[in-house]
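Accompanying notes for the structure given below.
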Amino acid sequence: MIRATKIDEVKANVREWKKAGLTIGLVPTMGYLHEGHASLIERARRECDKVIVSDFVNPIQFGPKEDLATYPRDFEADCRLCEGLGADLIFHPEPDEMYLDGFHSYVGVDTLSTELCGKSRPIHFNGVCTVVSKLFNITEADKAYFGEKDAQQLAIVKRMVRDLNFNIEIVGCPIIREEDGLAKSSRNTYLNEDERKKALIIHQALTKGEQMVRSGEKDANKVKETVRSIIESEPICRVDYVEIVDWNELQKVDTIDGPILTAVAVYMDEKVRLIDNFIVE
Ligand code: AMP
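So in the working numbering the end of the sequence shown lands on 574, straight run, no missing numbers.
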C-alpha cells in the first residue's frame, strides 16, 4: 500500500491507473478507523480496481469550540487496517498541503445545510464540501463511499455532485453498530465506561421511533417527542436536536408521508456529542 502525504504523489499514481483504464474508489475519512470505515473500504474494494483512503482531520469543518485539537488520531493503526483490507493508497496530508497560504475558495450547499447539524455547526458542511471537492479533484475517483451514519453529509455531498456536475458516483453505505446497537464512531473513545453504557439510550430511542413510523404513525411531532423523552430519561444526556426531515431537501416535516430521515445529536455529560439516525425510504 502506498502512503502518500503530497497531492502530487497521489496525482502521479492516479495518472498511471487511469492510463491503464482502471477504476478508482475513494473513501474519505478523518482517520482513527473502525469497522464503520472498514465497511466502506470493503465495498470500494469489491467495486473498484484501485482504492484510495484519505485520512485527514479537516480543520475547516471544525468550529472554534469543537474538538479539532483532541480528535483521536492513530495513523499507524489506520495504515494496518487499510493494508489488511487491500487498499492501494492512503492519503495523509498535512493541513498546509491541503490549504495553501491565501486559500480563499469554498464550496457549499445551501438549504440542505441549514437544519440538523447545520444549526449547531454553521460552518461544518462548507468545510466538508470543500475538502470533499478537493479530494474528488485530486483522486479523479469514479466512485466515493460515504456512511449513512452522517446522513446529512451524505445527502449534501450527493446534491453537490448533482448540482455541480462532478464526474463521480456517490455510494451510501449502512450504519455499522456495536453489538449492543451503539453506532460506531471515532468519538466513542471519548466516553468512559459508564457514559458508554448510558449512550445506548440513543439507539433504543431511535429504535422505538422507527417502530412507530414503520407501523404507520404519521405525526412527526409525536415520534420526535417519544424519541426525545426516552433520551432525556437518562440524566447525563442533553438533546441538541431530535428532528424529522424529508430525505430529499432535509426540511422539517409535520406529517410523515414520504421518505424521511429522523436524526438526533446528543451531548453526553456536556462533553461528547454523538449523532445517530434512521431513514425510512
Ligand atoms: P469520519 O472519519 O467520521 O469523517 O467518517 C468517514 C466516513 O465513514 C463517513 O462517510 C462516515 O459516514 C463513515 N462512517 C463513520 N462511522 C460509520 C459507521 N458507524 N457506519 C458506517 N459508516 C460510518
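Built from N, CA and C at the ideal position, the CB exists for glycine as well.
May I ask you to verify whether the segment 508 to 515 touches the segment 355 to 366, counting CB pairs closer than 8 Å and requiring at least 3?
-> By the C-beta criterion, the segment 508 to 515 is judged not to be in contact with the segment 355 to 366, since fewer than 3 inter-stretch pairs fall below 8 Å.
Classification of Ala313 by the beta-carbon crowding that lies within 10 angstroms, buried from 16 upward | With a 10 Å radius around the Cβ and a threshold of 16 neighbouring Cβ atoms, Ala313 comes out exposed.
By a C-beta neighbour count over all protein chains shown, 10 Å radius and 16 as the cutoff for buried, is Gln446 buried or exposed?
-> With 16 or more other Cβ atoms within 10 Å, it is buried.
Give the range of the beta strand (DSSP E) segment to which Asn485 is assigned.
-> No beta strand (DSSP E) holds Asn485; DSSP gives it neither H nor E.
When burial is assigned at 16 or more other CB atoms within 10 Å of the CB, is Asp575 buried or exposed?
-> With the chain represented from 294 up to 574, any question about residue 575 goes unanswered, as that position is not in the structure.
Just mark Asn430 as buried or exposed, buried being the case when its beta carbon has 16 or more other beta carbons within 10 Å.
-> It is exposed - the Cβ of Asn430 has fewer than 16 other Cβ atoms within 10 Å.
Out of Asn541, Ser522 and Trp540, state which residue places its alpha-carbon closest to the alpha-carbon of Val532.
-> When Asn541, Ser522 and Trp540 are compared, the shortest CA-CA separation from Val532 is found for Ser522.
Exposure label - Thr298; buried when at least 16 CB within 10 Å | Answer is exposed; the Cβ neighbour count stays below 16.
Around the C-beta of Met354, are 16 or more other C-beta atoms found within 10 angstroms, so that it is buried, or is it exposed?
-> At residue 354 the sequence reads Gln, which differs from the Met that was named. Under this definition Gln354 is a buried residue.
So does Ile468 have its beta carbon nearer than 6 Å to some heavy atom of the ligand AMP?
-> The ligand AMP approaches Ile468 closely enough that one of its heavy atoms is under 6 Å from the residue's Cβ.
Secondary structure at Ile553, three-state DSSP: helix, strand or coil?
-> Here Ile553 sits in strand by DSSP.
Name the residue from Asp381, Val303, Phe368 and Arg470 whose alpha carbon lies nearest to the alpha carbon of Lys427.
-> Per the Cα distances, Val303.
Go through its chain and collect everything with a Cβ distance to Ile461's Cβ below 7 Å, but skip five positions before and after it.
-> Cβ contact annotation for Ile461 (same chain, cutoff 7 Å, sequence separation greater than five): Phe429, Ala434, Asp435, Lys436, Ala437 and Val454, in chain order.
Report the partner residues of Asp539 according to the DSSP bridge assignment.
-> Looking at the DSSP assignment, Asp539 forms a beta bridge with Ile553.
Return yes when at least one heavy atom of the ligand AMP lies under 6 Å from the C-beta of Asp443, else no.
-> Closer than 6 Å to some heavy atom of the ligand AMP: that describes the Cβ of Asp443.
Quick one: is the Cβ of Phe439 within less than 6 Å of any heavy atom of the ligand AMP?
-> Indeed, a heavy atom of the ligand AMP lies less than 6 Å from the Cβ.
Out of Arg339, Leu554, Leu326 and Asp562, point me to the one whose CA is closest to Pro528's CA.
-> Looking only at Arg339, Leu554, Leu326 and Asp562, the smallest Cα-Cα distance to Pro528 is reached by Asp562.
Is there contact here, the segment 338 to 345 with the segment 389 to 406, by at least three beta-carbon pairs under 8 Å?
-> By the Cβ test, the segment 338 to 345 is not in contact with the segment 389 to 406, since fewer than three Cβ pairs between them sit closer than 8 Å.
Sorry if obvious, but does the Cβ on Met323 come closer than 6 Å to a heavy atom of the ligand AMP?
-> Yes, Cβ of Met323 sits closer than 6 Å to a heavy atom of the ligand AMP.
On the DSSP bridge assignment, give the partners of Ser347 in chain order.
-> Its beta-bridge partners are Pro321 and Phe384.
Just mark Pro467 as buried or exposed, buried being the case when its beta carbon has 16 or more other beta carbons within 10 Å.
-> With a threshold of 16 other beta carbon atoms within 10 Å, Pro467 falls short and is exposed.
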